[in-house]
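Student: Chains as they are written, first to last, in our numbering: chain A, 6 to 476; chain B, 8 to 405.
Every residue gets a Cβ at the ideal spot worked out from N, C-alpha and C, and that includes glycine.
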Amino acid sequence: MLRHIVIRSLMIIPTLLVVSIVAFILSVSTPGDIVNQALALEGVSLDDDRISISNYHKQYAQKATQLGKDKPLFYITVQPSHYPSQEEWNEVNAYNREDIKRLLKSNIPINISKEYIANISEFENKYFDVNDSISTEFKRDWKQSITLLRKLENLLPIRKQLIYLANEYQDTPQIDDITNMLTHIPQDGKRSGLHIPSLRWHGLDNQYHKWITSFISGDYGTSMLDAQPVFIKIWSAIKWTSLLILMSMILSLFVSIPLSILSAYYANSKLDRWISGISLAVFSVPIFWMATILIVYFTTDTYSKWLDIFPSPASFYSETQTGLLGLLGKYFGRLILPVICISLKDIAYLTRVIRADLIKESAKEYATTLKAKGVSKWSAMWKHILPNSMISTTTIIISNIPLALAGTLIIEVIFNIPGMGRLMYSSITQADWNVVYAILMLISLVTVIFYLIGDVLYTLLNPRVTYSGDE
Amino acid sequence: MNKSKLTYRHTQSSTVLKVAQWIIGIFLVVGLSSRFIANDLPLLASYDESINAPVCVELLSDIGIMQSKIYDESKFDWKVMPPIPYSSDQLNSKINISVGPFDHQAVSSLRYRHWLGTDHLGRDVLAGLIHGTTIAMKVGLLSVFFSLLIGLYLGLLSGYFGDDGWKINIYALLLGGLIKLLGLYYIIYPLVINPNISYYLIVVLIISILLYGVLRYIPSTIKPIVNFPIDLITSKIIEVLNSIPALFIILALLAVFSRPSIWNVIIIISIIGWPKFARLVRAEILQIKNLEYIQSAKSIGLSDVQIIIKHALPNALTSVISITAFAISGAILLESTLSFLGLGIPLEEVSWGSMLADARASFSSWWLAVFPGLAIFLVLISFYVLGNQLNEKLNARQ
Numbered sequence: 006m007l008r009h010i011v012i013r014s015l016m017i018i019p020t021l022l023v024v025s026i027v028a029f030i031l032s033v034s035t036p037g038d039i040v041n042q043a044l045a046l047e048g049v050s051l052d053d054d055r056i057s058i059s060n061y062h063k064q065y066a067q068k069a070t071q072l073g074k075d076k077p078l079f080y081i082t083v084q085p086s087h088y089p090s091q092e093e094w095n096e097v098n099a100y101n102r103e104d105i106k107r108l109l110k111s112n113i114p115i116n117i118s119k120e121y122i123a124n125i126s127e128f129e130n131k132y133f134d135v136n137d138s139i140s141t142e143f144k145r146d147w148k149q150s151i152t153l154l155r156k157l158e159n160l161l162p163i164r165k166q167l168i169y170l171a172n173e174y175q176d177t178p179q180i181d182d183i184t185n186m187l188t189h190i191p192q193d194g195k196r197s198g199l200h201i202p203s204l205r206w207h208g209l210d211n212q213y214h215k216w217i218t219s220f221i222s223g224d225y226g227t228s229m230l231d232a233q234p235v236f237i238k239i240w241s242a243i244k245w246t247s248l249l250i251l252m253s254m255i256l257s258l259f260v261s262i263p264l265s266i267l268s269a270y271y272a273n274s275k276l277d278r279w280i281s282g283i284s285l286a287v288f289s290v291p292i293f294w295m296a297t298i299l300i301v302y303f304t305t306d307t308y309s310k311w312l313d314i315f316p317s318p319a320s321f322y323s324e325t326q327t328g329l330l331g332l333l334g335k336y337f338g339r340l341i342l343p344v345i346c347i348s349l350k351d352i353a354y355l356t357r358v359i360r361a362d363l364i365k366e367s368a369k370e371y372a373t374t375l376k377a378k379g380v381s382k383w384s385a386m387w388k389h390i391l392p393n394s395m396i397s398t399t400t401i402i403i404s405n406i407p408l409a410l411a412g413t414l415i416i417e418v419i420f421n422i423p424g425m426g427r428l429m430y431s432s433i434t435q436a437d438w439n440v441v442y443a444i445l446m447l448i449s450l451v452t453v454i455f456y457l458i459g460d461v462l463y464t465l466l467n468p469r470v471t472y473s474g475d476e
Numbered sequence: 008m009n010k011s012k013l014t015y016r017h018t019q020s021s022t023v024l025k026v027a028q029w030i031i032g033i034f035l036v037v038g039l040s041s042r043f044i045a046n047d048l049p050l051l052a053s054y055d056e057s058i059n060a061p062v063c064v065e066l067l068s069d070i071g072i073m074q075s076k077i078y079d080e081s082k083f084d085w086k087v088m089p090p091i092p093y094s095s096d097q098l099n100s101k102i103n104i105s106v107g108p109f110d111h112q113a114v115s116s117l118r119y120r121h122w123l124g125t126d127h128l129g130r131d132v133l134a135g136l137i138h139g140t141t142i143a144m145k146v147g148l149l150s151v152f153f154s155l156l157i158g159l160y161l162g163l164l165s166g167y168f169g170d171d172g173w174k175i176n177i178y179a180l181l182l183g184g185l186i187k188l189l190g191l192y193y194i195i196y197p198l199v200i201n202p203n204i205s206y207y208l209i210v211v212l213i214i215s216i217l218l219y220g221v222l223r224y225i226p227s228t229i230k231p232i233v234n235f236p237i238d239l240i241t242s243k244i245i246e247v248l249n250s251i252p253a254l255f256i257i258l259a260l261l262a263v264f265s266r267p268s269i270w271n272v273i274i275i276i277s278i279i280g281w282p283k284f285a286r287l288v289r290a291e292i293l294q295i296k297n298l299e300y301i302q303s304a305k306s307i308g309l310s311d312v313q314i315i316i317k318h319a320l321p322n323a324l325t326s327v328i329s330i331t332a333f334a335i336s337g338a339i340l341l342e343s344t345l346s347f348l349g350l351g352i353p354l355e356e357v358s359w360g361s362m363l364a365d366a367r368a369s370f371s372s373w374w375l376a377v378f379p380g381l382a383i384f385l386v387l388i389s390f391y392v393l394g395n396q397l398n399e400k401l402n403a404r405q
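1) When we look at the beta-carbon of Gly394 of chain B and count the other beta-carbons within 10 Å, is it buried (16 or more) or exposed?
2) May I ask you to report which of helix, strand or coil DSSP gives Ile352 of chain B?
3) Take the Cβ of Lys478 of chain B as the centre, count every other Cβ of all protein chains shown within 10 Å, and call the residue buried at 16 or more, exposed below.
4) Spatial neighbours of Val24 of chain A within its chain, please: CB distance less than 6 Å, with the 5 preceding and 5 following residues excluded, ordered by chain position.
5) On a CA-only basis, which of A:Tyr336, A:Val83, A:Ile81 and A:Pro77 is nearest Glu93 of chain A? Give me that one, please.
6) So which residues of chain C does Val263 of chain B contact, with C-beta pairs closer than 7 Å?
7) Leaving out five residues on either side along the sequence, give the residues of the same chain with a beta carbon under 7 Å from the beta carbon of Val11 of chain A.
8) By the DSSP assignment, the beta strand (DSSP E) with Tyr442 of chain A in it spans what residues?
9) Leaving aside the five residues before and after Ser350 of chain B along the sequence, list all residues of the same chain whose C-beta is less than 6 Å from its C-beta, in chain order.
10) Does the CB of Ser482 of chain A have a neighbour CB from chain B at under 8 Å?
11) Comparing C-alpha positions only, which one of B:Thr241, B:Gly162, B:Ser95 and B:Ser116 sits nearest to Val132 of chain B?
12) From the DSSP output, in three-state form, read off Phe34 of chain B for me.
13) Go ahead and pull the three-state DSSP assignment for Trp206 of chain A.
14) Where Ser116 of chain B and Ser40 of chain B are concerned, what is the direct C-alpha to C-alpha distance, given to the nearest angstrom?
15) Report yes or no: is there a C-beta of chain A within less than 8 Å of the C-beta of Ser250 of chain B?
16) Please tell me whether Val357 of chain B and Gly166 of chain B are closer than 8 Å, where the distance is taken between their beta carbons.
17) Considering just the uninterrupted stretch of the beta strand (DSSP E) at Ser90 of chain A, what are its terminal residues?
18) Using a cut-off of 7 Å between C-beta atoms, extract the partners of Thr307 of chain A located in chain B.
19) Ends of the beta strand (DSSP E) at Leu51 of chain B?
20) Report the neighbours of Leu410 of chain A on chain B: residues whose CB is nearer than 9 Å to its CB, in chain order.
21) Show which residues of chain B have a CB atom less than 9 Å away from the CB atom of Val290 of chain A.
22) So Gly38 of chain B and Thr141 of chain B are supposed to be a Cβ contact under 8 Å. How far apart are they, rounded?
23) Rounded to a whole number of angstroms, what is the C-alpha to C-alpha distance between Val453 of chain A and Ser397 of chain A?
24) Exposed or buried, Gly139 of chain B, counting other C-beta atoms within 10 Å across all chains shown (16 or more means buried)?
25) Any beta carbon of chain B sitting closer than 8 Å to that of Ser449 of chain A?
26) Look at the Cβ atom of Tyr178 of chain B, then the Cβ atom of Leu222 of chain B, and state whether they are nearer than 8 Å.
27) Name the chain A residues whose beta carbon is nearer than 9 Å to that of Ser343 of chain B?
28) Looking only at its own chain, which residues have a Cβ that is under 7 Å from the Cβ of Asp104 of chain A, when we skip the five neighbours before and after it?
29) By a C-beta neighbour count over all protein chains shown, 10 Å radius and 16 as the cutoff for buried, is Ile245 of chain B buried or exposed?
30) Counting pairs of Cβ atoms below 8 Å between the stretch 355–371 of chain B and the stretch 157–172 of chain B, do you hit three or more?
31) Between Ile300 of chain A and chain B, is the shortest Cβ-Cβ distance under 8 Å, so that the two count as touching?
32) Verify whether the separation of the beta carbon atoms of Tyr119 of chain B and Asp47 of chain B is less than 8 Å.
33) What is the DSSP secondary structure of Pro263 of chain A, reduced to helix, strand or coil?
34) Considering just the uninterrupted stretch of the alpha helix (DSSP H) at Val412 of chain B, what are its terminal residues?
35) At the 8 Å Cβ level, is Arg120 of chain B part of the contact set with chain A, yes or no?
36) Just how far apart, CA to CA, sit Leu44 of chain A and Phe255 of chain B?
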């Protein structure tokens with residue numbers, strides 16, 4: 006028994022490792038430049054005229070090193086063999102690296118792209134930092150063309166822009182550089198190198214290793230929106246979500262057990278059919294529709310003064326230091342509607358499941374014995390059949406909790422409750438990836454643990470279940 | 008004891024089932040022909056003194072066969088409009104903004120009435136519902152079809168072979184693995200990095216065919232045979248997928264796509280949805296694997312592939328059919344949830360979920376909250392009823 010539990014819990018680890026790799030792959034493939042975002046959070050941005058370009062490059066490289074973004078992604082990487090190795094990359098400024106990568110993607114050989122980008126940054130420094138004699142108009146025009154030149158996505162507008170510049174500043178000393186640039190634009194479409202994959206080993210000094218080790222040691226990084234530690238954000242959200250799940254679980258158990266007993270006791274009667282039909286109907290109501298309807302009708306006085314029963318969901322939830330009970334006491338009124346929304350579906354589901362279980366149980370031989378002994382049907386149901394069927398019901402409830410998280414996500418978004426689901430949703434819409442993937446990892450950890458608990462409880466409560474490893 | 012009274016039998020009367028089938032049928036027909044039911048273009052019209060079918064032109068130009076054409080409203084001599092003369096995204100009635108179905112509407116005739124009202128931008132709700140039907144049916148059917156394909160494939164293999172039934176010689180395993188990785192590289196690499204090198208994939212294919220050809224002629228005495236643990240691998244993948252709640256992994260996956268599209272939603276839902284098919288198929292195959300007819304098929308020398316296709320697949324399909332109905336309703340629910348949250352499907356596309364999200368902004372428009380929700384509810388409950396019924400029939404058969 007104990008051995009089974011230990012083996013089962015050890016099996017969590019590879020699953021979580023795979024989940025972590027998936028979460029990491031997702032986190033690095035999201036659109037947007039993380040270093041840029043982090044710098045913008047500190048008020049450093051290229052659009053700011055007070056910050057010179059070379060200074061920005063320096064700060065960018067520093068930030069990239071600080072965030073570990075200049076390291077290779079994984080222990081091994083698969084890249085085309087003509088791509089530069091990590092040592093070669095380290096010589097290039099982190100800011101230029103992305104541009105060189107983009108050029109490589111459009112088949113421009115590495116030495117040409119390196120030279121080209123170096124050329125551009127030289128011009129950038131020349132005209133934005135040292136020389137104050139250059140007119141502001143030229144600076145503005147040049148800055149516009151620099152962004153085009155760096156991206157090099159479409160050659161035609163770039164040429165147009167440069168020819169325009171050459172015409173505009175014919176008599177200035179910058180004309181040489183402009184014509185120089187015009188001749189130096191690399192040609193697109195020439196294939197370079199064989200596209201044979203090369204496997205490169207990077208050792209422990211990589212982004213994933215850093216991410217996962219800091220994750221295990223409890224450092225989830227900081228939010229990219231407000232620089233708050235992710236852990237604090239998640240922790241204050243967990244309180245709300247667990248409160249919601251707890252309340253809705255209690256409510257749904259209190260309703261569904263009596264309903265399912267009634268339904269099983271009067272099996273196949275009219276009452277049973279009504280309960281089954283209604284629970285099927287409730288089960289097919291989308292949770293967000295129910296919530297929308299409840300909000301539209303019961304939180305405003307648009308339709309009738311009498312219907313304005315519950316506080317409106319837009320009301321503000323202040324951050325309190327009190328525990329679960331404190332939150333419950335303070336916001337009980339506001340939590341009624343969300344809890345009803347979450348538990349209605351659970352009630353429908355649990356009623357069906359427990360009823361099926363009770364009926365299966367009461368077809369067994371001991372139920373017949375009880376009947377023969379003269380135990381009344383009602384007390385047999387309560388005292389013997391219900392406790393026995395609770396074995397599988399408990400496992401169902403426990404493994405249902407992770408599923409309930411999805412329901413709470415929508416409800417939290419609709420009712421503006423600052424829980425895990427809403428945090429996940431708002432972090433996704435605001436591109437706060439550190440938070441998103443930390444939540445993803447935590448949620449999968451919780452899910453796996455609940456499945457484990459359900460499994461272990463099932464074996465504990467049901468001694469007949471044995472595993473091959475137990476002999 | 009009367010056993011039939013105690014066994015669980017969710018008796019649905021045949022009328023309920025019939026109603027459910029009719030509802031599904033109607034939604035399917037409306038979803039397939041939504042363009043011809045609700046459109047602001049005429050079905051048939053005389054334009055520039057020739058007879059035109061603007062709706063068909065629009066359909067063909069969306070597929071990419073014809074060039075799109077812009078019609079000048081004043082040049083129509085006569086026209087036959089679709090039953091609902093509005094399209095879902097048409098901001099045509101600036102006068103009819105947020106009017107209810109029973110309110111007074113400023114329309115020229117009863118023909119142009121907004122039967123289910125309009126939203127805060129003046130878009131017709133009924134046209135939106137019809138467009139939403141297309142999206143829901145597309146996502147529901149296609150994503151379930153794809154996940155059924157993956158689930159059947161992996162479920163059949165892992166159920167039939169188990170962990171020690173699939174014997175592969177080690178050269179084939181190693182080479183096959185290498186070639187599959189290379190193939191994967193040449194599939195992913197053009198997608199992520201460089202779009203111009205897909206011809207490498209053909210090279211890999213040719214090399215792999217050649218190598219497999221050579222492998223056949225290696226004498227079997229020097230071929231070490233190993234078991235390929237397909238069952239273990241499949242179950243591990245399922246475990247990983249199950250360890251993240253579906254909505255969370257979907258949201259995280261959607262975040263990777265920079266441009267929202269209905270196909271992203273379909274692909275992601277099918278990636279999430281296949282495990283339940285694979286599990287069921289695997290269980291079904293395990294049950295029939297040791298039955299006599301499979302054994303005798305083996306003994307007369309049928310190959311594994313023949314047995315799987317001729318005997319295992321039909322059995323698996325019948326067991327899967329009831330869960331398909333539940334899966335379709337699940338996919339439709341997920342799609343509407345996502346568009347309710349404003350993720351996945353492009354914001355300008357009107358769908359059931361996005362209409363409900365609009366309802367949250369305008370409380371006084373009750374028709375916005377009621378009708379799309381009712382549509383989702385009807386589809387879901389119809390598929391549930393159908394699934395239950397199929398399940399019951401299947402159980403009765405066994």
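Tutor: In short, the structure shows the following:
1) buried
2) coil
3) Not covered by the structure: residue 478 of chain B. The range shown for chain B is 8 to 405.
4) Ser449
5) A:Pro77
6) This model lacks chain C altogether; the protein chains it does include are A and B.
7) none
8) From DSSP, Tyr442 of chain A is part of no beta strand (DSSP E) but of the alpha helix (DSSP H) over Trp438 to Leu466.
9) According to the sequence as given, residue 350 of chain B is Leu; it is not Ser. The residues are Leu261.
10) With chain A covering only 6 through 476, there is no way to say anything about residue 482 of chain A.
11) B:Ser95
12) helix
13) strand
14) 25 Å
15) yes
16) no
17) Looking at the DSSP string, Ser90 of chain A is not in any beta strand (DSSP E), and its letter there is neither H nor E.
18) Phe370 and Ser371
19) Leu51 to Tyr54
20) Pro252, Leu254 and Phe255
21) Gly380, Ile383, Phe384, Leu387 and Ile388
22) 5 Å
23) 18 Å
24) buried
25) yes
26) yes
27) Pro291, Phe293 and Trp294
28) Ile122 and Arg155
29) buried
30) no
31) yes
32) no
33) helix
34) Any answer about residue 412 of chain B is impossible in this case: the structure gives chain B only from 8 up to 405.
35) no
36) 28 Å
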